[in-house]
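In this text, residue positions in the sequence shown follow the working numbering: the first is 133, and each later residue adds one.
Reading through the structure tokens given below for one structure.
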Amino acid sequence: MFGGPDFVPDDFLASSRLAALFPHVVRLGELLRNGKPARESWIEFSDIHDGKYPDAAFTEAIVLLRQHREEFLRLSDAPGVGARSLAIFGDAETCAMEMEPADIALMNELSLHVAITPYAHGSAFAQSVWA
Numbered sequence: 133m134f135g136g137p138d139f140v141p142d143d144f145l146a147s148s149r150l151a152a153l154f155p156h157v158v159r160l161g162e163l164l165r166n167g168k169p170a171r172e173s174w175i176e177f178s179d180i181h182d183g184k185y186p187d188a189a190f191t192e193a194i195v196l197l198r199q200h201r202e203e204f205l206r207l208s209d210a211p212g213v214g215a216r217s218l219a220i221f222g223d224a225e226t227c228a229m230e231m232e233p234a235d236i237a238l239m240n241e242l243s244l245h246v247a248i249t250p251y252a253h254g255s256a257f258a259q260s261v262w263a
């Protein structure tokens, strides 16, 4: 997720090759799932699982970031972008990750905050998401 209260995602995507990935865009003021208006705008790439590692979300994310490194650097530095995060959600298997030093360097270069959140198989959330 890349965004901020002063970020205008449509301006960025108008000149970005990342638009071809059909990212999810949330605009300032749009109603969120919880019924409240978004307090900032952002772009997220949450539904991209068409690569070589569809069951390994972290690996998929790293591959995507590497393939489009220059565009993600441009997005990271875009006007209004103050929040940058890589959030991985899933069960213990899909949240498994192995980081190479180059992965850490790439996340640092993009100023990405990383959050890994595994859910127990029996939890209500896991059943609603993975059912």
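Note that beta-carbon positions come from the ideal geometry of N, C-alpha and C, so glycine has one too.
Outcome for residue i when other beta-carbon atoms lying within 10 angstroms are tallied against a minimum of 16
| i | result |
| --- | --- |
| G214 | exposed |
| F139 | buried |
| L244 | buried |
| L207 | buried |
| F154 | exposed |
| A193 | buried |
Distance cut-off 8 Å: residue i Cβ against heavy atoms of the ligand FAD
| i | result |
| --- | --- |
| S147 | For the structure depicted, the ligand FAD is absent and the ligand set is empty, with no information on it obtainable. |
C-beta contact flag for residue i and residue j at 9 Å
| i | j | result |
| --- | --- | --- |
| M266 | I220 | No information on residue 266 is available, as it lies outside the stretch 133 to 263 that the chain covers here. |
| L238 | L197 | yes |
| G135 | A189 | no |
| E172 | P137 | yes |
| R159 | D142 | yes |
| A176 | M133 | Checking the sequence, you will find Glu at residue 176 rather than Ala. Cβ distance < 9 Å, so E176 and M133 count as in contact. |
So, do the stretch 196–205 and the stretch 138–151 have three or more beta carbon pairs nearer to each other than 8 Å?
yes
At which residue ranges does the stretch 135–221 contain complete beta strand (DSSP E) runs of 3 or more residues, listed in the order of the chain?
156–158, 173–176
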